[in-house]
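Accompanying notes for the structure given below.
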Amino acid sequence: MEDDALKCVEIEHHDEEQQILIPGLPNHLAHLCLSNLHPSLLYRVCKSWRRLIYTSSFPLFYCLYAVCFRSSNSTATSTAYNKNNSTSTNSTITTSNLEFFCLDPISSKWTQLPNPPTSDPPIHILRHHPSFISRSLSIQSLTVAERMILIAATTHKFLPALERPLGFDPSCNKWFFGPNLSTPRRWCGSSSVNGNVYVASGMGSAYHGDVARSLEKWDVKEKVDQWKWEKLKGLKDGRFCREFVDAIGYRGKLCMVNIKGRAVKQGTIYDVTKDEWKEMPKGMLEGWIGPSSAATTTTINDESEMYVVDETKGSLSKYVSETDQWEELIESCDDLKGAEQITVGRGRVCVICGRGRLIVVVDVSVTPVNVIRVVSTPPELEAIALHILPRISV
Numbered sequence: 013m014e015d016d017a018l019k020c021v022e023i024e025h026h027d028e029e030q031q032i033l034i035p036g037l038p039n040h041l042a043h044l045c046l047s048n049l050h051p052s053l054l055y056r057v058c059k060s061w062r063r064l065i066y067t068s069s070f071p072l073f074y075c076l077y078a079v080c081f082r083s084s085n086s087t088a089t090s091t092a093y094n095k096n097n098s099t100s101t102n103s104t105i106t107t108s109n110l111e112f113f114c115l116d117p118i119s120s121k122w123t124q125l126p127n128p129p130t131s132d133p134p135i136h137i138l139r140h141h142p143s144f145i146s147r148s149l150s151i152q153s154l155t156v157a158e159r160m161i162l163i164a165a166t167t168h169k170f171l172p173a174l175e176r177p178l179g180f181d182p183s184c185n186k187w188f189f190g191p192n193l194s195t196p197r198r199w200c201g202s203s204s205v206n207g208n209v210y211v212a213s214g215m216g217s218a219y220h221g222d223v224a225r226s227l228e229k230w231d232v233k234e235k236v237d238q239w240k241w242e243k244l245k246g247l248k249d250g251r252f253c254r255e256f257v258d259a260i261g262y263r264g265k266l267c268m269v270n271i272k273g274r275a276v277k278q279g280t281i282y283d284v285t286k287d288e289w290k291e292m293p294k295g296m297l298e299g300w301i302g303p304s305s306a307a308t309t310t311t312i313n314d315e316s317e318m319y320v321v322d323e324t325k326g327s328l329s330k331y332v333s334e335t336d337q338w339e340e341l342i343e344s345c346d347d348l349k350g351a352e353q354i355t356v357g358r359g360r361v362c363v364i365c366g367r368g369r370l371i372v373v374v375d376v377s378v379t380p381v382n383v384i385r386v387v388s389t390p391p392e393l394e395a396i397a398l399h400i401l402p403r404i405s406v
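Right, dumping it as C-alpha cells:
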C-alpha cells in the first residue's frame, strides 16, 4: 500500500513539473513572456509549450482553410489527413462531395471542419457534369470579417445551389447561414470590401436582365437579426453574367473582369463610398491575365495589395495603382504554372496548382519574394478555394 501511495505521489509530482512553463517562474509570468514568441518556435521546444499555443489564452495564429472537392468515385465519407496519419470521419453537405479543411501551419496537419448544418431545401452542389467533361463549374467563396463564406454554386440541374450564404466562423468553430438573397444566383461577381459582402450580376434559374445588372451588399458586422441584403446602384449592362466572374475587393473598390485567363476581357470598378461604377484602368485590365486576389480588410483605410499569377509562365505580379502597372515579383516559377486560384493575407500569397492537388505558398513580405512551401492537399481531394483565417478556437 505504501509503495502504491508513493507511486501516486511521484506521478502527481511529475504531472506538476510537466505543467511548469519556465522553471523558477510563475506560469502567469511565463505565459506573458512566451506569448511574444512565434508559435512555431514554441512548438519545437517541449510538450507544455506546444499545449500552450493551442489554449484560448494564447494569441491566435492564422491558418489556411481550403474548400475541397472529392471525386465522385471516392467514398461518401472523408478522412481528415495529416503527416502523422491521424484520422477522423465526417460526412459532407448532402451529396455535393464538398469538404472543408484547415491546415495548421505550425504542425503541418490537415483537420476537417465540422459538418455544415442541414437546410431546407437541402444543398446540392455540382462541380463536374458528364456533359461538360473538360469544364469545372464554379463554386464561389470569399473571406470577410475573419469568416469564410460560401456564396454561389450550381446544382445538377444547372440552377443556383444556394438561396442564402453559408458561412464558417473559426472563433466559435461553427457554421451559420446568412440572409436570403433576393434572387439566388450563380456565375456572379462576389467579394468583400471594408468588411461587407458584395454580390454583383449573375444568373438565377434563367437569365434576367435585372439580376444580371444588380448589385447587393450584406453588412456582416451588423447583429444577426438585422442581417439583410441592400440593393445598390446596378451595372449598366449584363455582360458579367455569362460565366464565373473574377471579383476582388481592393482599396475600397470592387474590381471585376468578365472572363478568366488571357482572353480579351472587359473590366469594371465599383466605388463603395461613392456608389458608382466606372471603367477599369487600362493597365489593371491588361495585366489581369490569371488568378487574382487582394488581402481582405475590415478598415476604411484599405491599403491592401493586389496580386496576379500568370498560369502559363508561372509569374507573380503586384498591381501598382500609382502608375497603373503590374510589377513582376517572380519572373517564372515551375511551381506556379497551372495556377487556378489564389488568396492573399498575412504577407503570404497562397496558390492552388497541380490540378487542385498542390498549394504553393509565397512569402511577399520579403525582398526578393520567394516560394517558401509547397503543400499537398488531403488525399483524393481537389482544392477549389483558399482562405487565410485565425485558427479554430476550441
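Be aware that the sequence shown starts at 13, since it is given in the working numbering, and climbs by one per residue. The beta-carbon is built from N, C-alpha and C at its ideal position, and this holds for glycine as well. The model shown is predicted, which means the values in this text are computed figures rather than measured ones.
In this structure, DSSP gives V236 a helical state, which the three-state scheme calls helix. Per DSSP, the unbroken alpha helix (DSSP H) holding H43 starts and ends at 39–46. Taking the C-beta atoms as reference points, L297 is found nearer than 8 Å to G279. Taking the Cβ atoms as the reference, S202 lies roughly 6 Å from A164, within the contact range of under 8 Å. Its chain contains T155, S204 as the residues whose beta carbon lies nearer than 6 Å to that of T308, once the 5 sequence neighbours on both sides are disregarded; these appear in chain order. The three-state reading of DSSP puts K245 in coil, since its state is none of H, G, I, E or B. DSSP places E392 outside any alpha helix (DSSP H), giving it a letter other than H or E. Taking 8 Å as the cut-off, the Cβ atoms of P177 and I161 count as close. The C-alpha of S60 is placed about 44 Å away from the C-alpha of Y210. Cβ contact annotation for Y262 (same chain, cutoff 7 Å, sequence separation greater than five): A306, S316, M318, in chain order.
Under a 10 Å Cβ-count criterion, S52 is classified as exposed, with fewer than 16 other Cβ atoms of the shown protein chains found around its own Cβ. Judged by DSSP secondary structure, R63 falls within the alpha helix (DSSP H) whose first and last residues are 59–64. Apart from the 5 residues on each side of it in sequence, R62 sits with its Cβ closer than 6 Å to the Cβ of Y55 in its chain, given in chain order. About 31 Å separates the beta carbon of L171 from that of C362, a gap too long to meet the 8 Å contact definition. DSSP places P51 in the helix class (H, G or I) of the three-state scheme. Look at M215 here: in three-state DSSP terms it is strand. Relative to the Cα of L138, the nearest Cα in the group R82, M215, D132 belongs to R82. Taking 8 Å as the cut-off, the beta carbon of G357 is found closer than this to the beta carbon of I400.
Excluding sequence positions up to five before and after F256, its CB lies within less than 6 Å of the CB of S150, W199, all in the same chain and listed in chain order. The DSSP assignment places no complete alpha helix (DSSP H) segment of no fewer than 4 residues inside the region 318–356. In the DSSP assignment, G261 forms a beta bridge with L266. E340 is a Cβ neighbour of S327, given a cutoff of 8 Å. In the DSSP annotation of this structure, the continuous segment of the alpha helix (DSSP H) that includes G295 starts and ends at 294–299.
With 16 or more neighbouring CB atoms inside 10 Å of its own CB, Q353 falls in the buried class. For S69 and R369, the gap between their C-alpha atoms comes out near 35 Å. The alpha carbon of E234 has as its nearest neighbour, out of R274, P191, D336, the alpha carbon of P191.
In the DSSP assignment, A165 falls outside any beta strand (DSSP E), carrying neither H nor E.
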